[in-house]
Every structure is written in C-alpha cells, then in structure tokens.
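**Student:** Residue 269 in the numbering used here sits at position 269 of the sequence shown; the count goes up by one each step and never skips.
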Amino acid sequence: MFRFRDEKAAQKIIESIRREEVNLRFMHVCGTHQDTLVRFGLEAMLKDVGVEIRQGPGCPVCVTTTNEVADAIALADAGVTIAVFGDMLKVPTPLGSLGDAKARGRDVRIVYSVEDAVRMAPEVKSMVFMGIGFETTSPTTAAVMVEPLPKNFSVYSCHRLLPPALHAIINMGEFRIDGLIEPGHVSAIIGTAPYDVFSEKYHIPQVIAGFEPLDLLMSAHHLVKQVKEGRAEVENEYSRLVRKDGNPIAVKLLERVFKPVDRTWRGFPTIPMSAYDLQEEFDAHNARLVHEDVLEARPPVAEEHKGCRCGEVLRGLINSDECPAFGKACNPRYPMGPCMVSREGGCNIAFRYRGKL
Ligand code: SF4
1 MFRFRDEKAA QKIIESIRRE EVNLRFMHVC GTHQDTLVRF GLEAMLKDVG
51 VEIRQGPGCP VCVTTTNEVA DAIALADAGV TIAVFGDMLK VPTPLGSLGD
101 AKARGRDVRI VYSVEDAVRM APEVKSMVFM GIGFETTSPT TAAVMVEPLP
151 KNFSVYSCHR LLPPALHAII NMGEFRIDGL IEPGHVSAII GTAPYDVFSE
201 KYHIPQVIAG FEPLDLLMSA HHLVKQVKEG RAEVENEYSR LVRKDGNPIA
251 VKLLERVFKP VDRTWRGFPT IPMSAYDLQE EFDAHNARLV HEDVLEARPP
301 VAEEHKGCRC GEVLRGLINS DECPAFGKAC NPRYPMGPCM VSREGGCNIA
351 FRYRGKL
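(1) For the alpha helix (DSSP H) containing Glu-43, list its first residue and its last residue.
(2) So, with DSSP's three-state summary, where would you put Lys-356?
(3) For the region 292-301 and the region 160-170, state whether three or more C-beta atom pairs, one from each stretch, are separated by less than 8 Å.
(4) Would you call the region 183-201 and the region 218-237 in contact, with 3 or more CB pairs under 8 Å?
(5) Whose C-beta lies closer than 6 Å to the C-beta of Asp-35 among residues of the same chain, with five residues either side of it excluded?
(6) Could you check how far apart the C-beta atoms of Ile-177 and Ile-170 are, in whole angstroms? I think they sit under 8 Å.
(7) Let me check you understand the geometry: is the CB of Ala-302 closer than 7 Å to at least one non-hydrogen atom of the ligand SF4?
(8) Any chance the CB of Phe-326 is under 7 Å from a heavy atom of the ligand SF4?
(9) Taking all protein chains shown into account, decide if Met-340 is buried (16 or more other Cβ within 10 angstroms of its Cβ) or exposed.
(10) I need the DSSP call for Met-340, collapsed to helix, strand or coil.
(11) Which of the three DSSP states, helix, strand or coil, is assigned to Tyr-195?
(12) Please find out if some non-hydrogen atom of the ligand SF4 comes closer than 7 Å to the beta-carbon of Pro-335.
(13) Restricting to Cα atoms, I'd like to know which of Ala-297, Lys-244 and Val-207 is closest to Val-227.
(14) Which residues bound the alpha helix (DSSP H) around Thr-66?
(15) Any chance you could list the beta strand (DSSP E) runs of at least 3 consecutive residues sitting entirely within the region 120-208, in chain order?
(16) Look at the alpha carbon of Val-114 and the alpha carbon of Glu-52, and state the distance between them as a whole number of angstroms.
(17) Express the C-alpha separation of Met-336 and Gly-307 in angstroms, rounding to a whole number.
(18) Would you report the Cα separation of Glu-280 and Ile-249, rounded to the nearest angstrom?
(19) Using a Cβ-Cβ distance under 8 Å, would Ala-10 count as near chain B?
(20) By how many angstroms is the C-alpha of Phe-211 removed from the C-alpha of Leu-223?
(21) Based on the DSSP secondary-structure assignment, which residues constitute the bridge partners of Phe-258?
This is the structure in structure tokens:
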C-alpha cells in the first residue's frame, strides 16, 4: 500500500471508530474518493473496524451510456470531428469504441479542455465536443458557451447532476445506506443545501469530504458518530473549500447555459432532471439538434456488454472483484466496460491497486 503523512493520526481515528463497535455501510460517489480509499488501504482499515464503504454512481465516464458513446461514434462516421477527454476513447460499445473509430481514420481528438475543442474548430468542417462530468466540469463547458463561438462548434452534452442520482439510488432501495460521503469538488460548486433533503427526509447522515486520506477517515468517523448519536445531518468536513452556498457565480452560469432534463444513466433507469442539456438560446451549438439527422438514423445499441456488471458496480451492489470477468476477460488493456476504462472507475482502481492479475 502507499504510505501517507499522518499515519499516526489515521490510526487514532481508526481506533476511535473501533471503540464504537459498529457494522455500517456508507456510500460515496466520487472516483477520487475511491482512488484514495483503495490506494492508501483505507478501505481495508475501515472494514476491519466495521465500516464498509462502496462507490456509487460517481465516475462520469462510467455513468455515460453506451448509446451516448455510440452517438459520438456515429457522428465521427458521418465526418464530424469529435473532441473528447482521453478516458472516453476506450469505452466499448457494440459499434466498437471511439478509439476504434479513430483507428479506422475518423477524426477523433483527445482534448484536455473544452477550450481546446473551440480552438481546433476552425481547422475542421464540423466540431463536436462531448461534454462529460458532473457539476465540477459542467461550469467549464458553460463558460465557453457564453463567449463568441465558431459557427461549426457544438456540444454533445452528457453532463450530469449528482443530487438526482442520490435520490434515485436511495429510492431504488437496493443498497442499505447508513451514511453518505459527498464529494468535495461538486459541493464546492453546489454548496451544502442540495444534500439537506437526504438527511431531513430519509434520515441519512452525510459528510462532505476532501480527498486526502485523513479527510476520508475523518468523514467516516463523523458518520459513525452521527449514527451512534441518532443524528442525520450534513456535516462539512471540507470547509477549507466548500461553502454553504457553494460558488454562486458558477451556479448562475450553469443556470444560464443549461437546463436539467430526464436522462438514463448506465445501470439506472431514466433519472428525472439528472442531466444538463443546453438552453434554447444555444440551439445553434447543441450537437443533439445540429446533428439530429445522424443521431436519429442510428439504431439503438445494447447498453452493456453481456458479461459486464458495471451497472451493479455503479449502484454499489457488488465490488469490482466480485465480477467474474475482473482481471481475466476484462482488464485495462481489454476493458469490457467503462468501469475498467476510466481511472475514476471502480474496476480500474481495483485493478491498479489490488493487483488481482
Ligand atoms: Fe464490467 Fe470489467 Fe468491471 Fe466486470 S470488471 S464490471 S466486466 S468493467
């Protein structure tokens, strides 16, 4: 396991949890949290003192559906240039991956930001930026939309909102949630108020957490305390960055550029008001409208590879290594699902740090 500073402090937190004699299951919804939990061995340390933590639908690449990736492939096949973040390239679909499309000569470009895609647009006939991510990354897409844009630039928005997914997972009731660890970066944008309902209505303790090992251990400790004391509230462990009202400038920008719409997530049925589509003002740059003819002509594809259990991983029902394909038929070189592709995906993280091969 990787070493980290303050291991003595970590041990004290662990011993404090041990004294509570609990048997609890918490969920987090963040790839970076999962990385920290596994990389530093916190997952095992917590399990040893009665706290199991599972990753929910918190990897943007993983929750993007096969049909959305297939849309991007269809656009590339129709001669459109597709700009995507690198993690999307290897996501498999029945039509192959965007990487396969690139290999057969389609113009698929890896970008590090939406600005890269805007800058490249004048070089090509038609440029589509595939926007993925939660409230952390959607403000960057929104920021370019309010600036003058090349006529041939459009956005295929796969951006999603986190709180509706939490509603969905709680209401589906498949996973007993004794507490939620909320992601610090999303919370820095949306603030703490959107989580209140989960404590008030469902009596679920919550802690907003940063990304260092001690942040996560302290969050688990706070959740254990809430459970033991019969409390259910939203505690902000990441107060060095997260304010109650979040980032009002970013929120205002999101409201100006995007509107929440119903959308399917991988492994979930349609979740009401869970995704961002562009407001009508931006129709001329909305790839779902600009290229409607290509997208409508594409037949739907099956959502999951037959043997892939990403949906269950994303709903917290199984750990990655419980999937029979893990580390065998499915590995980062030959992934069967996005959870093995993305560095924020539970299977990829488990593979990298647990060395199951
Ligand atoms: Fe899917 Fe591979 Fe993860 Fe199994 S190990 S759930 S096949 S991505």
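Built from N, CA and C at the ideal position, the CB exists for glycine as well.
**Tutor:** According to the structure shown:
(1) Within the sequence shown, numbered from 1, the residue matching residue 43 stands at position 43. Run containing Glu-43: 42-48, per the alpha helix (DSSP H) assignment.
(2) Working through the sequence shown from its first residue, we reach residue 356 at position 356. Confidence at Lys-356 is low in this model, with a pLDDT of 43, below 50, so the placement of that residue should be treated as unreliable; the coordinate-derived value is given next. Three-state result, Lys-356: coil.
(3) no
(4) yes
(5) Here residue 35 corresponds to residue number 35 of the sequence shown, with the count starting at 1. Closer than 6 Å at the Cβ level, and outside the excluded window around Asp-35, lie Ile-349.
(6) Locating residue 177 in the sequence shown gives position 177, counting from the first residue. Locating residue 170 in the sequence shown gives position 170, counting from the first residue. Correct: roughly 7 Å between the Cβ atoms.
(7) Along the sequence shown, read from residue 1 onward, the residue named residue 302 stands at position 302. No, since every heavy atom of the ligand SF4 falls outside the 7 Å radius drawn around the Cβ of Ala-302.
(8) Position 326 of the sequence shown, counting from 1, holds the residue named residue 326. The answer is yes for Phe-326.
(9) Sequence index remark: in the sequence shown, residue 340 carries index 340 (1-based). Classification for Met-340: buried.
(10) In the sequence shown, the residue the question calls residue 340 occupies position 340. Helix at Met-340.
(11) Start at 1 with the first residue of the sequence shown, and residue 195 comes out as number 195. Helix at Tyr-195.
(12) The residue you call residue 335 lines up with position 335 of the sequence shown. Pro-335: yes, Cβ under 7 Å from the ligand SF4.
(13) For this step, residue 227 is matched to residue 227 along the sequence shown. Measuring from the Cα of Val-227, the nearest candidate turns out to be Val-207.
(14) Position 66 of the sequence shown holds residue 66. It spans 66-77 - the alpha helix (DSSP H) in which Thr-66 sits, taken as one unbroken run.
(15) If we require 3 residues or more, the beta strand (DSSP E) runs fully inside the region 120-208 come out as 127-133, 153-159 and 179-183.
(16) Residue 114 sits at position 114 when you count from the first residue of the sequence shown. Residue 52 sits at position 52 when you count from the first residue of the sequence shown. Between Val-114 and Glu-52, the C-alpha separation is close to 37 Å.
(17) Sequence index remark: in the sequence shown, residue 307 carries index 307 (1-based). Sequence index remark: in the sequence shown, residue 336 carries index 336 (1-based). Put simply, the backbone Cα of Gly-307 is about 8 Å away from that of Met-336.
(18) As a first step, residue 280 is located in the sequence shown; it is residue number 280 there, counting from the start. As a first step, residue 249 is located in the sequence shown; it is residue number 249 there, counting from the start. For Glu-280 and Ile-249, the distance between alpha carbons rounds to 21 Å.
(19) Included in the structure is just one protein chain, with no chain B present.
(20) Numbered from its first residue, the sequence shown carries residue 223 at position 223. Numbered from its first residue, the sequence shown carries residue 211 at position 211. Near 16 Å, if we compare the C-alpha coordinates of Phe-211 and Leu-223.
(21) Numbered from its first residue, the sequence shown carries residue 258 at position 258. In the DSSP assignment, Phe-258 is bridged to Leu-278.
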